[in-house]
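For reference, the structure is listed below as structure tokens.
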């Protein structure tokens with residue numbers, strides 16, 4: 004007998020170099036294994052883990068290609084355009100007000116009907132603090148501010164809504180209460196018409 008053939012290892016003992024896991028055999032429904040049908044191992048090695056799945060995020064962004072950079076730049080551009088949109092689009096049909104860009108935060112106490120009333124100088128005329136003027140001149144004549152607003156609507160007079168800075172100034176002067184967050188202004192001419200309506204129409 005030739006001894007050279009007995010020294011070589013059996014074919015089944017040769018280790019698999021390119022396989023991380025032994026081949027899996029598919030099992031037939033009858034319980035036996037189908038010979039010759041071995042399922043190849045996964046092409047992903049054990050050292051590589053699949054990337055996590057994020058719902059709603061495209062796959063090319065998770066893989067980190069050039070398209071991901073372009074997608075991020077496009078999203079940043081759209082976000083910037085939304086942030087720079089004018090605030091007037093979201094206001095809708097809000098009452099007329101004074102924007103923060105107008106230099107109308109210079110408030111002073113003026114003499115009006117024998118009393119000191121906080122007023123802002125806008126477009127060459129003084130706008131009175133309506134709640135303070137109501138407390139000084141109309142509180143004993145009408146029920147409340149809701150009655151004043153009803154009369155103003157009937158007289159076709161629209162008061163001006165204060166901006167945030169003007170409300171802060173009026174609170175500092177004590178013209179409105181500390182917890183008040185909104186205020187309206189009225190010109191001297193419009194307040195004269197309101198006062199006349201409150202004193203004559205009983």
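In the numbering used here, the protein residues as written are 4 to 205. All C-beta atoms in this analysis are idealised placements derived from N, C-alpha and C, irrespective of residue type, glycine included.
Subject >> When 108, 120 and 114 are compared against residue 177, the one with the closest alpha-carbon >> reply: 120
Original post:
What's the C-alpha gap between residue 199 and residue 147?
Top reply: 16 Å
**OP:** Could you please give the first and the last residue of the uninterrupted alpha helix (DSSP H) stretch that includes residue 171?
**Re:** 167 to 176
Subject >> Inter-stretch contact at 8 Å, needing at least 3 Cβ pairs: the segment 120 to 139 / the segment 183 to 201 >> reply: yes
**OP:** Indicate whether at least one CB of chain B lies closer than 8 Å to the CB of residue 190.
**Re:** Included in the structure is just one protein chain, with no chain B present.
Original post:
Relative to the C-alpha of residue 193, which residue among 137, 162 and 126 is closest?
Top reply: 162
Original post:
Measuring CA to CA, which of 180, 201 and 127 is closest to residue 158?
Top reply: 201
Subject >> Identity of the residue in 137, 125, 118 and 116 nearest residue 110 by Cα >> reply: 125
**OP:** Tell me where the beta strand (DSSP E) around residue 109 begins and ends.
**Re:** Counting along the chain, residue 109 falls outside any beta strand (DSSP E), and DSSP gives it neither H nor E.
Subject >> Beta-carbon spacing of residue 139, residue 118 below 8 Å >> reply: yes
Subject >> Short Cβ contact (8 Å threshold) for residue 184 with residue 170 >> reply: yes
**OP:** Can you grab the Cα-Cα spacing for the pair residue 150 / residue 144, in whole Å?
**Re:** 10 Å
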